[in-house]
């Protein structure tokens, strides 16, 4: 049976996943990707891992290959929100208690601008590039998940 491509999103792994390596036997609840979503949303994958919601019967298989997906983003900074965070972090500002503020950054994926990096192991945590203090738009990369080639041994979604 031919291998299938599965997209494992970063937040799904960080929340409820267990790291895996090439050669491991896995059992994941998979959702079939609609043909129109396979391109940009799932990076060409036939299915994606869904660790939340309705629990479907897991698809089991052996991991043949893993590629980390690094998506390029154009990051815009809201200067006023950034200044409010700076004031809240200033110990001389006299802030009392916990201060909750929204992120000053808006991440906009650049269509088609991603790379695949072969690896032997999928990490638990994915580190993004962090925006700097420059208020202008910045081009940054974020590892958004893993594209896995899976040799299914059980039913496919």
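In full-length UniProt numbering, the protein residues as written are 1 to 157. A virtual CB, placed ideally from N, CA and C, is assigned to each residue, including glycine.
Within the same chain, show all residues whose beta-carbon is closer than 7 Å to that of residue i, passing over the 5 residues directly before and after it, in chain order.
i: residue 149; result: 3, 5, 64, 65
For residue i, which residues does DSSP report across the bridge?
i: residue 143; result: 70
i: residue 4; result: 150
i: residue 11; result: Its beta-bridge partners do not exist; DSSP assigns none.
Whose C-beta lies closer than 6 Å to the C-beta of residue i among residues of the same chain, with five residues either side of it excluded?
i: residue 62; result: 25, 151
i: residue 153; result: 60, 61
By DSSP, does residue i sit in helix, in strand, or in coil?
i: residue 28; result: strand
i: residue 61; result: strand
i: residue 79; result: helix
i: residue 170; result: With the chain covering 1 to 157 only, the question about residue 170 has no answer from this structure.
Quick test of your reading: residue i and residue j, contact by CB under 8 Å. State the CB separation rounded to the nearest angstrom.
i: residue 78; j: residue 104; result: 5 Å
i: residue 22; j: residue 47; result: Actually they are not in contact, since the Cβ atoms of residue 22 and residue 47 sit about 19 Å apart, beyond 8 Å.
i: residue 84; j: residue 101; result: 6 Å
Who are the near neighbours of residue i in its chain, counting only those whose CB is closer than 8 Å to its CB and skipping five residues on each side?
i: residue 29; result: 49, 50, 51, 55, 56, 57, 58, 59
i: residue 38; result: 44, 45, 46
i: residue 33; result: 7, 41, 42, 45, 46, 47, 48
i: residue 121; result: 19, 20, 21, 22, 66
Quick check: is the beta carbon of residue i nearer than 9 Å to any beta carbon in chain D?
i: residue 44; result: Among the chains in the structure shown there is no chain D, since it carries only a single protein chain.
- prompt: If we count Cβ pairs, one from each stretch, closer than 8 Å, do we get three or more for the stretch 112–132 versus the stretch 66–86?
  reply: yes
- request: Would you check if the stretch 11–23 and the stretch 99–108 touch, i.e. whether three or more CB-CB distances between them fall below 8 Å?
  value: no
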